[in-house]
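Here the numbering used here = 1-based position in the sequence shown + 12.
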Amino acid sequence: MVRRKFLHYKQMILKMRDGGKTPGEARRVPRIGDVAAAAGVSVATVSRALSAPDKLKSETRDKVLEAVAALGYTPNSVARQLRAGHSRLVLVIVPRRTNPPFFAEVLHGIDVRLAEAGYVLITGYMEADDHDLRLIELAASGHVAGLLTISGDLPKVAGRSILDAGLPAVAICADPRVEGLPAVLLDDEQAAAMQVEHMIGLGHRRLFYVSGPPGNYNEVTRHRGVLAALAKAGLGPDALIEHPGNYAFSGGIAGANAYLALPDRPSGVVCGNDETAIAFVKTVHAAGLRVPDDVSVIGFDGIELADFCEPTLSTIAQPRFELGAVGAQLLIDRLAGADPADMLPPGGKILMQGRLLARDSTRPLGE
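In structure tokens:
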């Protein structure tokens with residue numbers, strides 16, 4: 013058995029090295045009919061040998077299993093699920109090319125919890141209309157059991173929505189604002205207020221804010237938190253200079269250039285996420301400013317890279333793994349027939365708390 017497994021892995025390695033071909037000639041994937049022909053039995057007998065081997069004579073069973081091993085046949089578990097009238101696949105809608113360091117840990121949490129419950133994760137990235145239409149058709153095909161979205165948007169093409177399939181669905185991290193759609197979210201307003209309170213507590217009374225994309229769910233909610241924290245400290249809107257960002261490195265560079273062009277620069281900078289903050293710091297460093305000596309900068313998300321840049325980045329850490337795992341569990345419960353109204357607080361949303369990580373990119377004003 014060990015020898016057979018080793019050969020199988022070796023063939024896989026050689027196949028990947030050889031551009032997708034097996035050693036020698038490329039060959040098609042063996043099917044159940046090939047196994048039946050090699051063993052001299054019917055397809056139904058092969059199926060029984062794999063699903064209920066105790067119901068066959070040992071001689072017949074062994075003959076089938078030898079053919080399976082010789083051909084390298086792998087049963088299609090997805091096809092079996094569909095024939096049985098159910099699927100164990102969960103489609104996760106992901107925003108394309110947006111903040112991959114953040115979403116990787118959310119997907120990890122989703123995957124771990126789904127796997128524990130016997131489900132398999134497949135991802136679908138938001139793209140152009142033709143790609144989104146394929147996701148809509150996949151949801152309607154019966155091939156997936158449920159939907160998770162970690163995007164504030166949902167695939168919609170020509171009046172069709174991915175939710176039209178009627179599959180159980182849960183939103184994670186961003187709320188698409190669809191009535192009746194349960195969501196597991198960070199308390200963005202509280203977390204953004206924490207950013208501003210940290211800066212005000214260090215003596216920074218004027219702030220430069222590089223936001224997320226205008227109109228984005230997370231940005232709208234965080235903006236409320238920023239303004240609420242300023243008001244709580246007795247500071248008006250004139251204490252804040254805003255620059256629209258995009259939750260990406262490019263937005264941080266653009267924000268830094270706008271900041272550098274100001275004649276009277278605020279001493280504190282609040283960024284919509286860590287990628288924005290990291291790019292901001294790098295850009296102002298290149299222009300001769302020192303962080304935190306000349307300007308304090310705080311990010312948002314708590315991605316691993318924030319602890320490895322120079323200086324280390326103060327930030328708000330999101331419980332990314334937990335957001336994914338809790339969202340996946342909520343979907344699993346829905347697939348088991350639970351009523352969201354019985355599981356969720358009023359409003360249909362579970363809010364999780366962020367955590368301040370005060371590091372080297374912020375310091376008291378005047379020190």
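Glycine included, each C-beta is placed from N, C-alpha and C at the ideal position. As the structure is a prediction and not an experimental result, all values here were calculated from the model.
- Taking 8 Å as the cut-off, the Cβ atoms of Arg367 and Ala337 do not count as close.
- Val156 is positioned such that its CB atom lies closer than 8 Å to that of Ser99.
- Comparing C-alpha distances from Gly246 to each of Val208, Pro331, Tyr221, Leu77 shows the shortest one belongs to Val208.
- Contact between Ala268 and Thr295 holds: CB atoms are separated by about 4 Å, below the 8 Å threshold.
- Considering only Ala195, Leu103, Phe333, Ala81, the residue with the shortest C-alpha distance to Leu342 is Ala195.
- Under the three-pair Cβ rule at 8 Å, the stretch 209-223 does not count as touching the stretch 184-191.
- Under the three-pair Cβ rule at 8 Å, the stretch 111-127 does not count as touching the stretch 142-158.
- For Val104 against Leu147, the beta-carbon gap comes to about 11 Å, at or over 8 Å, which does not count as contact.
- Leu377 sits in coil when the DSSP states are folded into three classes, being neither helix nor strand.
- Taking 4 residues as the minimum length, the alpha helix (DSSP H) runs contained wholly in the stretch 194-271 are 200-213, 229-244, in order along the chain.
- At the C-beta level, Gly314 and Thr324 stay beyond 8 Å of one another.
- Gly237 places its beta carbon 8 Å or farther from that of Tyr259.
- Arg73 counts as buried, since at least 16 other C-beta atoms from the protein chains shown sit within 10 angstroms of its C-beta.
- Per DSSP, Lys361 is one residue of the beta strand (DSSP E) stretching across 361-364.
- Spanning the alpha carbons of Leu83 and Glu149 requires a straight line of approximately 34 Å.
- According to the DSSP assignment, Thr288 belongs to the alpha helix (DSSP H) that extends over 286-298.
- Burial state of Ser163 is buried, judged by a 10 Å Cβ sphere holding 16 or more other Cβ atoms.
- Straight-line measurement puts the Cα of Ile174 at about 6 Å from the Cα of Pro167.
- Taking C-alpha positions only, Glu191 is separated from Leu197 by approximately 15 Å.
- In the three-state DSSP reduction, Gly339 falls in the helix class (H, G or I).
- The continuous beta strand (DSSP E) containing Thr327 extends over residues 327-329.
- Residue range 70-83 is occupied by the alpha helix (DSSP H) that includes Thr72.
- In the DSSP annotation of this structure, the continuous segment of the beta strand (DSSP E) that includes Ser308 starts and ends at 308-310.
- The three-state reading of DSSP puts Ile148 in helix, counting H, G and I together.
- By the C-beta density criterion, Val58 is buried, having at least 16 other C-beta atoms within 10 angstroms.
- Your pair Val169 and Asp141 checks out as a contact, with CB atoms roughly 5 Å apart and the cut at 8 Å.
- DSSP, read as helix, strand or coil, puts Ser153 in coil.
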